[in-house]
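Engineer: Input: one structure, supplied below.
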Amino acid sequence: MKGRMVALAMPGLLLPGVSWASESKKILDPVADWNHLWNEVLIDLFLMGGVFALLAIYWLIKYRATSPDQVGRGPTLSRAQAWSWAMVPAFIFMADDFFLAAKGWTVWNTYRKVPENALEIKVTGNMWYWTFEYPNGVTTTYAYDTKEGDGLVVPVGTPVVLRMTSNDVLHSFGLPDYRVKEDMMPGRITYIWFNPLVEKESWVTCVEFCGTLHSQMYSPVKAVAPAKYDAWLAQKKSTL
Amino acid sequence: MSTESHGFNLKEWIFTTDHKRIGILYLIGSMAAFSIAGVMALMIRLEQSTLGPTLVHDVATGGSQYNVWLYFHGAAMILGFLIPGLTGFAANYFLPLMIGAKDVAFPRINAFSVWLFYAGIIMALLTFVIGDPPDVMWTGYPPYSLLTSGNTAFYVFTVHLLGFASILGAVNFLVTVIYMRAPGMGWNQLNMFVWSTVTAFVIQLVFVPVLASAVTMLLFDKYLGTHFFDPSQGGDVLLYQNLFWFYSHPAVYVILLPALGILFEVVATFSKNMVFNYKAAVYGGMWGIVLISGEVWIHHLYISGMPDWIRIGMMVSTLLISVPVGLLAISLFGTLYRGAITYTTAMKYATACLFLFLIGGLTGIPLAMTVMTVHLSETSFVHAHFHYIMGIFATFSVFAGVYYWFPKMTGKMPGEKMGNLGFWFNFIGVNITFFPLFIIGIEGMPRRYWNYEMFPQFEPFHKIATVGAFLVAIGMLLTILNWIISAISGEKSVANPWKSVSLEWTHCPNPPGPGNFPKDVVVSADWTPYNYGR
Ligand code: HEM
Ligand SMILES: [Cu+2]
Ligand SMILES: [Cu+2]
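Okay, here's the thing in structure tokens:
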């Protein structure tokens, strides 16, 4: 509850960083945003961890006992000191928390706001394969044992939104190269979107435990030039 | 380890209501669970050491073998080793001694709870005997846990037995601390370990019933035809995950808090120092965690399709956990400041824990951030994170505790040479095992995968991790062997070998007899368990 109120109170803090305000011109690249945020978080972690680690190493060496009967001389804190040693760090940690939360929320908004021109593909999870349904009715799949099937094919330069559900148990659509994933469940539709900016072949892996062949549930994800994509789709359509 | 002079008597151990013996029974049971779950870990690591099948032969069905190992490993490590090791063994043996009590408030209920625990362990072990073992992972998510031909009921009953044992323990220890403290002992004079146990048991009492109902609903859905989790019949697929993590996130604090409590004892004793800013650590840190622990569970459901507002709200509450945890860290690290530190094996484990805590805790921060987790979730980054904090930090704190209290329990000194050797194998081994998993996790190595033929670039990392796991196995063998040898033929310990000022060392013999204290304990107003009188 507390967290939610804080979250509601935060838009003021965030406005300068909200990226979808200028969406029309900029190329949306959630992967770059993610990587950038990751680097910032890493710096944050190393700074915080470094202070603790270096102090600990220094003290662990410096305060070794020199005689067996020696006792420690740790400080007795006055009331005011004790409160300060609680409140000041608490505020520093909190400030860092809100800073990270604000940063994270900004990128999150990019992740959840599907661009208007996105190509919509329906994905259905089954034990243990996916089917992909394109707007013109073409469906594809991929079989781990024969390695046959196209998997997911998308055109470079168009954002792709996946509307996902499952026919049986939980699965999850994990696209490590596009830094995004979300579960698929029976009876509900979830979505993710990504923006294939260069031609490449990557993988989607199932990342929610779904039984015996969970670790065989993967498919290729091919981002191809738009012309190639159109040709491929037309050819698929003609063989329907 | 016998408390009487006439040697070992099995019947006495089975019918014992003495909290110390019950503690030892918990220790033996949880170390047994740890060892078998450890063997499973080695199998898992061997399987992952190559891209495709290694131990598994039949690709089409072999996955279920791996899934059973992984199920047992996860369930036994958490429910059978860490929670009972920390709240069963350590709390049972030392909490009454630390508060100057002759026993716990309800000794027979205590005996009942340890035997429930053994029944739970046996139920879990049946996994290896029955033809259709559970393969649902320790999380047991439906619909898979309902559809599988594996025997989900064994999972449910294991949780029931261990959960019930824990609730009984919780009531017992809370009453004990409230009513049975030595005359004169105020709330600000309690050991950190006592406070950590109190707060952990408050969490346990509030949240275990929720877990028990969640798994019971699984049982109903699978065997009695109800549809709590079946959307085609009006049920809700996500309900289970919400209930499960409503308990299981707080459960990580049931592990974290007593682990920190033990470390405070060890660090304070071997630094001969008072705990830095005690009140901030207890009231801000420990109680702060209790307060926040129930409002963060959605961070386990960041990719489950929950509404956006709750994913963002619980990102903030999850990040705020850094405040109480940070206060505890300052207090723990600060206890070293101007101390007089000696490095025994116990202190070495505690020192290692300081760094493991940093790595495990800080890697939790990106995992608290919804958008970071959208990529990191369900990868081996998560797997490395929780092994650093639970698998290693908390486990090492149990080891630190056993070494620290070894003379108390056995009257013998633990062997330092073999202890030291075991420590280095363990410490180096765990880092070799788990650090590579952070790296490939960021690259997208999925969790719970034995087959990763689509990512051949990860194979070297998995090989290194597997080597590390075998170093750990050597370290663990040395450690357990060392305890057994020292308990039988160790050097006799003096009354207070570490010169601690805590009651369990100053007021009762090694090991304490029935009734614990030869004379009733009364403490004065200026006594604290950390007052080394400068
Ligand atoms: C050095 C000893 C250990 C090794 C080598 C080890 C190794 C592993 C491996 C390889 C996995 C599964 C990876 C996967 O398929 O994604 C795993 C999972 C797990 N381990 Fe460990 N582990 C060790 C100790 C521990 C300890 C001490 C604990 C806890 C107290 C623990 C708790 C877990 C849990 C909860 C899981 C998750 C199971 C699941 O995904 O359902 N492990 N471990
Ligand atoms: Cu899966
Ligand atoms: Cu959690």
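So the sequence lines, in the order shown, correspond to chains V and W. Once you know that position 148 of the first sequence is 220 in the numbering used here, the rest is easy, because the numbers rise by one and skip nothing. Once you know that position 214 of the second sequence is 280 in the numbering used here, the rest is easy, because the numbers rise by one and skip nothing. Where is the CB? At the ideal position from N, CA and C, for every residue including glycine. Since we're looking at a predicted model, the values are computed, not measured.
Can you pull the chain W neighbours of R235 (chain V), defined as C-beta to C-beta under 9 angstroms?
Structural biologist: By one-based count along the first sequence, residue 235 (chain V) stands at place 163. Under the 9 angstroms cutoff, chain W gives no residues; its nearest Cβ is about 12 angstroms from R235 (chain V).
Engineer: Reducing DSSP to helix, strand and coil, say where D586 (chain W) ends up.
Structural biologist: Mapped onto the second sequence, residue 586 (chain W) falls at position 520. In this structure, D586 (chain W) counts as coil in the three-state DSSP scheme.
Engineer: Along the beta strand (DSSP E) that carries P292 (chain V), what are the first and last residues, could you check?
Structural biologist: On the first sequence, position 220 is the one that residue 292 (chain V) refers to. First-last of the beta strand (DSSP E) with P292 (chain V): 290–296.
Engineer: Residues of chain V with a CB under 8 angstroms from the CB of P473 (chain W): which are they?
Structural biologist: Locating residue 473 (chain W) in the second sequence gives position 407, where the first residue counts as 1. The premise fails here: P473 (chain W) is roughly 16 angstroms from chain V at the closest Cβ pair, so nothing lies under 8 angstroms.
Engineer: Does the Cβ of W253 (chain W) have 16 or more other Cβ atoms within 10 Å, making it buried, or fewer, making it exposed?
Structural biologist: Stepping through the second sequence from its first residue, residue 253 (chain W) is reached at position 187. With fewer than 16 other Cβ atoms within 10 Å, it is exposed.
Engineer: I want to check one thing, is the minimum distance from the CB of E171 (chain V) to the heavy atoms of ligand 2 below 7 angstroms?
Structural biologist: Along the first sequence, read from residue 1 onward, the residue named residue 171 (chain V) stands at position 99. One detail in the question is off: residue 171 (chain V) reads as Phe in this sequence, not Glu. No, the Cβ of F171 (chain V) stays beyond 7 angstroms of every heavy atom of ligand 2.
Engineer: If you measure between the beta carbons of A190 (chain W) and A231 (chain W), is that distance less than 8 angstroms?
Structural biologist: What you label residue 190 (chain W) is simply residue 124 of the second sequence in a count that begins at 1. What you label residue 231 (chain W) is simply residue 165 of the second sequence in a count that begins at 1. Not in contact: A190 (chain W) and A231 (chain W) (Cβ atoms no closer than 8 angstroms).
Engineer: Would you list the residues whose beta-carbon is nearer than 6 angstroms to any heavy atom of ligand 2, in the order they occur in the chain?
Structural biologist: Output, sorted by chain position: V:H243, V:C278, V:E280, V:F281, V:C282, V:H286, V:M289.
Engineer: Let's see if you can read the secondary structure: which residues bound the beta strand (DSSP E) around S244 (chain V)?
Structural biologist: By 1-based counting over the first sequence, the position of residue 244 (chain V) is 172. Per DSSP, S244 (chain V) belongs to the beta strand (DSSP E) from 243–247.
Engineer: Just checking: is the beta-carbon of A93 (chain V) within a distance shorter than 8 angstroms of some beta-carbon in chain W?
Structural biologist: Against the first sequence, residue 93 (chain V) aligns to sequence position 21. Unreliable placement is indicated for A93 (chain V), whose pLDDT of 45 sits below 50; no coordinate value is reported for it.
Engineer: Going straight from the alpha carbon of F465 (chain W) to that of A412 (chain W), what length do you get?
Structural biologist: Here the question's residue 465 (chain W) lines up with position 399 in the second sequence. Here the question's residue 412 (chain W) lines up with position 346 in the second sequence. C-alpha separation (whole angstroms): 7 angstroms.
Engineer: Quick check on DSSP: helix, strand or coil for W490 (chain W)?
Structural biologist: One-based indexing of the second sequence puts residue 490 (chain W) at position 424. Helix, per DSSP.
Engineer: Cβ closer than 8 angstroms: which chain W residues qualify as neighbours of K253 (chain V)?
Structural biologist: Working through the first sequence from its first residue, we reach residue 253 (chain V) at position 181. Those are I369, V440, H441, S443, E444, listed as they occur along chain W.
Engineer: Helix, strand or coil: how does DSSP classify T311 (chain V) here?
Structural biologist: Mapped onto the first sequence, residue 311 (chain V) falls at position 239. Three-state result, T311 (chain V): coil.
Engineer: Counting only Cβ pairs nearer than 7 angstroms, list the residues of chain W close to V195 (chain V).
Structural biologist: Here residue 195 (chain V) corresponds to residue number 123 of the first sequence, with the count starting at 1. The contacting residues do not exist; V195 (chain V) stays about 13 angstroms from chain W at best.
Engineer: Any Cβ of chain C within less than 8 angstroms of the Cβ of S298 (chain W)?
Structural biologist: The structure shown contains no chain C; its protein chains are V and W.
Engineer: Counting only beta-carbon separations shorter than 8 angstroms, does M129 (chain W) have a partner in chain V?
Structural biologist: For this step, residue 129 (chain W) is matched to residue 63 along the second sequence. According to the sequence provided, residue 129 (chain W) is Gly. The question's Met does not apply to it. Yes, its Cβ sits closer than 8 angstroms to a Cβ of chain V.
Engineer: Taking a Cβ distance cut-off of 8 angstroms, strictly less, list which residues of the segment 272–290 of chain V are near chain W, in chain order.
Structural biologist: Answer set for the segment 272–290 of chain V: W275, T277, C278, V279, E280, F281, C282, G283, T284, L285, H286, S287, Q288, Y290.
Engineer: In this structure, what does DSSP give as the bridge partners for T203 (chain V)?
Structural biologist: Along the first sequence, read from residue 1 onward, the residue named residue 203 (chain V) stands at position 131. DSSP output for T203 (chain V) lists V:T196, V:T213 as bridge partner(s).
Engineer: Which of the three DSSP states, helix, strand or coil, is assigned to A93 (chain V)?
Structural biologist: Position 21 of the first sequence, counting from 1, holds the residue named residue 93 (chain V). Caution is warranted here: a pLDDT of 45 is assigned to A93 (chain V), below 50, making its placement in the model unreliable, and the coordinate value is therefore given only provisionally. Correct three-state label for A93 (chain V): helix.
Engineer: Could you pull the start and end residues of the alpha helix (DSSP H) that P563 (chain W) belongs to?
Structural biologist: Translated into the one-based positions of the second sequence, residue 563 (chain W) becomes position 497. No alpha helix (DSSP H) holds P563 (chain W); DSSP gives it neither H nor E.
Engineer: Can you tell me the Cα-Cα spacing of Y596 (chain W) and V362 (chain W), whole angstroms?
Structural biologist: Sequence index remark: in the second sequence, residue 596 (chain W) carries index 530 (1-based). Sequence index remark: in the second sequence, residue 362 (chain W) carries index 296 (1-based). If you take the alpha carbons of Y596 (chain W) and V362 (chain W), they lie about 34 angstroms apart.
Engineer: Given this structure, state the Cα-to-Cα distance separating K474 (chain W) from H85 (chain W), to the nearest angstrom.
Structural biologist: Position 408 of the second sequence, counted from the start, is the residue given in the question as residue 474 (chain W). Position 19 of the second sequence, counted from the start, is the residue given in the question as residue 85 (chain W). Approximately 14 angstroms between the Cα atoms of the pair.
Engineer: Classify A93 (chain V) as buried or exposed, calling it buried when 16 or more other Cβ atoms lie within 10 Å of its own Cβ.
Structural biologist: Mapped onto the first sequence, residue 93 (chain V) falls at position 21. Confidence in A93 (chain V) is poor, its pLDDT being 45 and thus under 50, which makes the residue's placement unreliable; the coordinate value appears in the next sentence. Its Cβ having fewer than 16 others within 10 Å, A93 (chain V) is exposed.
Engineer: Mapping the DSSP letters down to three states, classify F419 (chain W) as helix, strand or coil.
Structural biologist: By one-based count along the second sequence, residue 419 (chain W) stands at place 353. The amino acid at residue 419 (chain W) is misidentified as Phe; the sequence shows Cys. Helix.
Engineer: Quickly, what does DSSP pair K272 (chain V) with across the bridge? List them, please.
Structural biologist: Along the first sequence, read from residue 1 onward, the residue named residue 272 (chain V) stands at position 200. Looking at the DSSP assignment, K272 (chain V) forms a beta bridge with V:A295.
Engineer: Taking only beta-carbon atoms, is Y210 (chain W) less than 8 angstroms away from chain V?
Structural biologist: Here residue 210 (chain W) refers to the residue found at position 144 of the second sequence. Answer yes: the Cβ-Cβ gap between Y210 (chain W) and chain V drops below 8 angstroms somewhere.
Engineer: So V252 (chain V) is in the alpha helix (DSSP H); what residue range does that whole segment cover?
Structural biologist: Taking the first residue of the first sequence as 1, we reach residue 252 (chain V) at position 180. Premise fails: V252 (chain V) lies in the beta strand (DSSP E), 252–256, not in any alpha helix (DSSP H).
Engineer: Considering only residues of the same chain and omitting the five flanking positions on each side of V186 (chain V), which have a CB-CB separation below 8 angstroms?
Structural biologist: Stepping through the first sequence from its first residue, residue 186 (chain V) is reached at position 114. Around V186 (chain V): P231, V233, Y263, W265.
Engineer: Along chain W, in chain order, which residues have C-beta atoms closer than 8 angstroms to that of S150 (chain V)?
Structural biologist: Here residue 150 (chain V) corresponds to residue number 78 of the first sequence, with the count starting at 1. Neighbours of S150 (chain V) on chain W: none; closest Cβ ~11 angstroms, over 8 angstroms.
Engineer: In chain order, what residues of the same chain have a beta carbon less than 6 angstroms from the beta carbon of S96 (chain V), not counting five sequence neighbours either side?
Structural biologist: By one-based count along the first sequence, residue 96 (chain V) stands at place 24. The predicted model places S96 (chain V) with a pLDDT of 49, which falls under 50 and marks its position as unreliable, so this point remains unresolved.
Engineer: Give me the chain W residues within the contact set of V228 (chain V), using Cβ-Cβ distance strictly less than 7 angstroms, ordered along the chain.
Structural biologist: Within the first sequence, residue 228 (chain V) is the residue found at index 156, counting from 1. Result: empty, since nearest Cβ-Cβ is about 20 angstroms, beyond 7 angstroms.
Engineer: Check each candidate in W:G250, W:Y184, W:T292, W:Q270 and name the one with the smallest Cα separation from I234 (chain W).
Structural biologist: As a position in the second sequence, residue 234 (chain W) is number 168, starting the count at 1. In the sequence as presented, Ile is not what sits at residue 234 (chain W); that position holds Leu. For L234 (chain W), the nearest C-alpha among the options comes from W:Q270.
Engineer: Nearest to Q299 (chain W) by CA position, among V:F170, V:G259, V:N189, is which residue?
Structural biologist: Residue mapping note: residue 299 (chain W) aligns to position 233 of the second sequence, counting from 1. With distances taken between Cα atoms, Q299 (chain W) lies closest to V:G259.
Engineer: I want to verify the contact list: residues of chain W whose CB lies under 7 angstroms from the CB of F165 (chain V), in sequence order.
Structural biologist: Within the first sequence, the letter at position 93 stands for residue 165 (chain V). Neighbours of F165 (chain V) on chain W, chain order: S388, V389, G392.
Engineer: Let me know if E280 (chain V) comes out buried or exposed under the rule of 16 or more other beta-carbons within 10 Å of its beta-carbon.
Structural biologist: Reading the first sequence from its first residue, position 208 is the one you call residue 280 (chain V). So E280 (chain V) ends up on the buried side.
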